[in-house]
Structure formats: C-alpha cells, structure tokens
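Read through the structure below, which is laid out as structure tokens, and then see the notes.
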Amino acid sequence: MAFTPLHDRVLVRRVESDEKTAGGLIIPDSAKEKPAEGEIVSVGAGLRDDAGKRVELDVKAGDKVLFGKWSGTEVTVDGEELLIMKESDIMGIIA
C-alpha cells in the first residue's frame, strides 16, 4: 500500500538505538526508550498561505531528523511501524 501524507505531515521510520552504552553495558529491550531519531519516508505537499500559494516543507524523503519524545502518531503501513507527524514536531535535520 502506498501512503502519502497530506498537507504539512511527514511519515517517519524510527532509527533503532544502540544495543550497548558507551561503557559497553548491554541494554535489555525492556529498558530501552523509543528513539527520537528517524528517517523521513515521505512528505506531504505542504500548506497553503493566505494567498493560496503552496508552501513546501523544509524536509524531504531520506532526511535523518530528530523529533520530540512524544511526537507523532504510530501507524502500521505494509507491516512496518511508522510515525505520522507534523513538520513542526521535527526539531532538526541531522547532517
């Protein structure tokens, strides 16, 4: 199933966090937090301004981004768990 977000929404795939700490300790699945880093899968066309002109989003498919801990709505698309969120929930693009 192809999915395209509407307006200023983006579809994000979470990037899995490391299994170990910097000191080498292995983190069990029950103690892991959901990562706040992801990759943009697809983006909407953008909102319209007061004149009716479309304002494109600052992010594009393939960008690695940071977002808030409680941002987005979890959805399942083609058996994969993804997040749908507004572009304003994204804090920045990782270079």
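Under the working numbering, the first residue of the sequence shown carries the number 1, and numbering increases by one thereafter. Idealized CB from N, CA, C, for every residue including glycine. Keep in mind the model is a prediction, meaning the values are calculated, not measured.
- Here DSSP, grouped into helix, strand and coil, assigns residue 16 to coil.
- Secondary structure at residue 42: strand, using DSSP grouped into helix, strand and coil.
- Residue 73 and residue 16 have their C-alpha atoms roughly 17 Å apart.
- Counted as a single uninterrupted DSSP element, the stretch harbouring residue 6 is not any beta strand (DSSP E), since DSSP gives it neither H nor E.
- Annotation: residue 5 to residue 95 spans about 24 Å, alpha carbon to alpha carbon.
- Taking a contact as a CB-CB distance under 8 Å, the pair residue 91 and residue 9 does not count as one, their CB atoms being some 16 Å apart.
- A distance below 8 Å between beta-carbons, with the five flanking residues on each side excluded, links residue 39 to the following residues of its chain, in chain order: 12, 13, 15, 62, 63, 64, 65.
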